[in-house]
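These protein sequence lines are chains A and B, in that order.
At position 210 of the first sequence the residue is numbered 538 (the numbering used here), and the sequence of numbers has no breaks.
At position 208 of the second sequence the residue is numbered 536 (the numbering used here), and the sequence of numbers has no breaks.
Cβ atoms here follow ideal geometry from the backbone N, Cα and C, with glycine treated the same way.
Comments concern the structure below.
There are 2 protein chains.
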Amino acid sequence: MSLTLENLNQKNTKTLKTIQSEVESINRIALSVDCVIFGFDENKLKVLLIRSDLRKYQSKWSLLGDLIHINEDLDAAAYRILKQRTGLSDVYLEQVHTFGTINRHPAGRVVTVAYCSLINIQHHKLNIFDNELHWHDINNVTELAFDHQQIFDTCYHRLQKRIQEHPLGFNLLPKKFSLRELQNLYEAILGTKMDRRNFRKKFFAMDFLIDLGEIEQDVPHRPGKLYKFNYGKYEKKKKKWVGIDF
Amino acid sequence: MSLTLENLNQKNTKTLKTIQSEVESINRIALSVDCVIFGFDENKLKVLLIRSDLRKYQSKWSLLGDLIHINEDLDAAAYRILKQRTGLSDVYLEQVHTFGTINRHPAGRVVTVAYCSLINIQHHKLNIFDNELHWHDINNVTELAFDHQQIFDTCYHRLQKRIQEHPLGFNLLPKKFSLRELQNLYEAILGTKMDRRNFRKKFFAMDFLIDLGEIEQDVPHRPGKLYKFNYGKYEKKKKKWVGIDF
DNA sequence: ACTAATTTGTGTAAATATTACACATTTACT
DNA sequence: AGTAAATGTGTAATATTTACACAAATTAGT
């Protein structure tokens, strides 16, 4: 498109009153939040799904979502919706992306803000099971309702990126974990296999793991040492700078 | 917070009709887009700002924003608003983050979706100058209207990260550029100084620069060679994988 | 108590990437 | 012709990444 008369002639300054009237009337849109909650169990990455609220769509799984209230902070809405749907609190939610194509929702114009989180399934027991809430292996997530597949994919890619740059993974493990568990986690999330010796060398070189002087129990083979993550040291030493790399 | 009776008793399933009525009435919110348009000129990173539409706030600069229409895709709204405010089209906009605290806007509840872009100031001449639209050196961006400082900061950090991982910077340079111009760009955006020899080595090793066999004109010193970026080769060879690093 | 199966724990050499650093060359200007 | 300014280039030291193999610890089965 090129420059049009409409653009040239339009005077963009508006009064507060004009804007107030626009805000109060013609341009209001329903806003929702959808939460993509990742967890890790049995060496598989999982995600929490429910049957859609819309009975019409209950043959498909959907993300945890609801409309946000007009007098509610966006982040607060995300926490409220998560709690309402799952009973979970004390979970850190990160905003990922906002999806706003016109026809994404069958009930009308609804723009949705996607949030995602990573939790330890053992530490965060679900308290509410409405709409068949339960964990799904991410490799079986397919044909979600509405545009939820796209939202899920976006959040999953974000997760893959973030876990390489931040120590998110430790949230998904028991408080005391072995290096094998840590590697299984990375392999599950990144969908790849890694060399065991190099993986260990990498983490030992970072020097953020504390050897607890304990070993795994009840494993049918040589038990591994248990570690915990040194968040304090990480906060002090974390990378300020990376280089140009593409 | 722990589990409450309210949570246990709430039945989360709703009918389509219930949702439709929520979408159509109580929960509608004004949505806006704000654009953070970065450009590069005179070895400085710049950003496009206007005086706020609200006369009351016209002593402060603000981002390019407007309300989105109820029947308009979110991305389309961003492009429309950019065009309306600046006359610019053919500019790639990337969504960055959505800001939704209750009192962020004086005209009422307005949730805003921030988009950002990087353009070559020479290639994209502005056609509209309402509200004193013009380029500001990013080092002089301070005290923006509303929460626009926060939005700007978020977009600037995103830019700093993305330019290290993707070849965005070439959009900001002339079609033919010298390595010094490229380095100035990176130094301006990242706010740092780099070693000239190592910078060159890095880019030559990537092997995405095409030597045009031409040299700079009208420089008061030895002219540098001119290059262009090989987008085709980049698309084929670009990094699929990075490692764990934090 | 022995054996088999499984997984942990460890080291090194080669290749690659990063860093710090200095001087001769080219051009415009006077 | 001389000066000022920026370009273009190389190397040695260090750090990081990669590929790769074998002994030790434990359980389960006999």
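For residue i, which of helix, strand or coil comes out of DSSP?
i, result
"L446/A", "strand"
"H476/A", "helix"
"I365/B", "strand"
"K565/A", "helix"
"I398/B", "coil"
"T346/A", "helix"
"L507/B", "helix"
"R528/B", "helix"
"G560/A", "helix"
"D539/B", "strand"
"F427/B", "strand"
"L554/B", "strand"
"Q338/A", "Below a pLDDT of 50, predicted positions are generally treated as unreliable, and Q338/A, at 42, falls in that range; the measurement from the model is reported next regardless. Looking at Q338/A - three-state DSSP - the assignment turns out to be coil, as it is neither helix nor strand."
"E422/A", "strand"
"W501/A", "At residue 501/A the sequence reads Leu, which differs from the Trp that was named. Coil at L501/A, not helix or strand."
"T332/A", "Low confidence applies here, because T332/A scores a pLDDT of 36, under 50, leaving its location unreliable; read the following figure in that light. Coil."
"L496/B", "coil"
"Q545/B", "coil"
"K489/A", "helix"
"D458/B", "helix"
"D403/A", "helix"
"D573/A", "coil"
"L416/B", "coil"
"Q534/A", "The question names Gln, but residue 534/A in the sequence shown is Met. In this structure, M534/A counts as helix in the three-state DSSP scheme."
"R383/A", "helix"
"T470/A", "coil"
"D523/B", "coil"
"R432/A", "coil"
Could you round the C-beta distance between residue i and residue j to whole angstroms and report it? I think they count as a contact, below 8 Å.
i, j, result
"P551/A", "I543/A", "4 Å"
"G497/A", "L510/A", "7 Å"
"R437/B", "I398/A", "6 Å"
"F427/B", "A442/B", "7 Å"
"A406/B", "V361/B", "5 Å"
"S390/B", "F474/B", "7 Å"
"W463/A", "I449/A", "7 Å"
"A516/A", "L373/A", "5 Å"
"L507/B", "Y555/B", "7 Å"
"C363/A", "L410/A", "5 Å"
"R383/A", "T343/B", "7 Å"
"L359/B", "L359/A", "7 Å"
By a C-beta neighbour count over all protein chains shown, 10 Å radius and 16 as the cutoff for buried, is residue i buried or exposed?
i, result
"N337/B", "Residue placement at N337/B is flagged as unreliable, the pLDDT there being 37, under the threshold of 50; the coordinate-derived value follows with that caveat. Looking at its Cβ environment, which holds fewer than 16 other Cβ atoms inside 10 Å, N337/B is exposed."
"G571/A", "exposed"
"H476/B", "buried"
"E400/A", "buried"
"L540/A", "exposed"
"V547/A", "exposed"
"F536/B", "buried"
"G367/A", "buried"
"Y559/B", "exposed"
"T440/B", "buried"
"R356/A", "buried"
"T346/A", "exposed"
"N459/B", "buried"
"D381/A", "buried"
Shortest alpha-carbon distance to residue i belongs to which of the options?
i, options, result
"I491/A", "L501/A, N355/A, E471/A and Y514/A", "Y514/A"
"W569/A", "T429/B, Q488/B and N455/B", "Q488/B"
"S387/A", "I378/A, L395/A, K556/A and D394/A", "I378/A"
"K564/A", "F574/B, G560/B, R413/B and Y562/B", "F574/B"
"T414/B", "V424/B, V375/B and A533/B", "V375/B"
"F424/A", "D523/A, F480/A and S506/A", "According to the sequence as given, residue 424/A is Val; it is not Phe. The candidate whose alpha carbon is nearest that of V424/A is F480/A."
"Y420/A", "D403/A, T429/A, I409/A and S445/A", "S445/A"
"E471/B", "L392/B, Y385/B and I409/B", "Y385/B"
"T482/A", "I357/A, R356/A and I365/A", "I365/A"
"H451/B", "R486/B, S417/B, K566/B and A404/B", "S417/B"
"P495/B", "R408/B, F531/B, D403/B and L461/B", "F531/B"
"D369/A", "M522/A, D465/A and A358/A", "D465/A"
"F557/A", "V469/A, Q412/A and K503/A", "K503/A"
Starting from residue i, follow its DSSP beta bridges and name the residues at the other end.
i, result
"L513/B", "DSSP lists no partner for L513/B."
"K453/A", "None; K453/A has no bridge partner."
"S390/A", "I378/A"
"V439/A", "L359/A"
"D465/A", "K374/A"
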